[in-house]
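For reference, each letter of the sequence shown is one residue, going 254 to 390 in full-length UniProt numbering.
Just so it is clear, CB atoms sit at the ideal spot from N, CA and C, and this is done for glycine as well.
A quick write-up on the structure given underneath.
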Amino acid sequence: MERTFIAIKPDGVQRGLISEIITRFERKGFKLVGLKIMVPSKGFAQQHYHGAKERPFFNGLCDFISSGPVVAMVWEGEGVIRYGRKLIGATDPKKSEPGTIRGDLAVVVARNIIHGSDGPETAKDEISLWFKPEELV
Ligand code: ATP
Ligand code: MG
254 MERTFIAIKP
264 DGVQRGLISE
274 IITRFERKGF
284 KLVGLKIMVP
294 SKGFAQQHYH
304 GAKERPFFNG
314 LCDFISSGPV
324 VAMVWEGEGV
334 IRYGRKLIGA
344 TDPKKSEPGT
354 IRGDLAVVVA
364 RNIIHGSDGP
374 ETAKDEISLW
384 FKPEELV
């Protein structure tokens, strides 16, 4: 069954949005198969976002991701990679539709509260970066 990697970023955790975000994925019908909370090192954040290393915001992004607790999750379900991105909304919360997580709960692109894998390859890579196989049910 299809799986994706979802992370609640330090701003989402700090703002008390963990249960709100988990609820939205659960109510849609997706299944939570992995869950942990951790403070990633900067090196770990750089690995996670290696696809963005040429972007001007890369350093600030990695500083931010390693600045506090992140809730790392693996969600399972038919079409969960694509539909998870739909639940999350556009990268810039000012362009995210109301009804999406970022559209309802965030304003600023650098504080957009949640990450979701953008395709099957990144989902596979990110799941194996954040979780050992035995940590998934
Ligand atoms: P994510 O990978 O976090 O799920 P995304 O796939 O919607 O987000 P990406 O293009 O992969 O968007 O950008 C990764 C992250 O970098 C964004 O979620 C956001 O936090 C940050 N980011 C993107 N664009 C900017 C920007 N112009 N300024 C600051 N931060 C940005
Ligand atoms: Mg991305």
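Item, Value
"Taking the DSSP output, what are the residues bridged to Val323?", "Met291"
"Please look up how many angstroms separate the CB atoms of Thr276 and Ser370, rounded, as I've assumed it's under 8 Å.", "About 20 Å separates the two Cβ atoms, so there is no contact after all."
"Around the Cβ of Met326, are there at least 16 other Cβ atoms within 10 angstroms (buried) or fewer (exposed)?", "buried"
"So, helix, strand or coil for Leu340, using DSSP?", "helix"
"Do Ile274 and Gly265 count as a contact pair if the criterion is CB distance below 8 Å?", "yes"
"Is there a Cβ of chain B sitting closer than 8 Å to that of Gly352, yes or no?", "The question asks about chain B, but that chain is absent: this structure has only one protein chain."
"Would you tell me roughly how many angstroms separate the C-alpha atoms of Phe384 and Lys348, rounded to the nearest one?", "31 Å"
"Please list the terminal residues of the continuous beta strand (DSSP E) segment that includes Phe283.", "From DSSP, Phe283 is part of no beta strand (DSSP E); its letter is neither H nor E."
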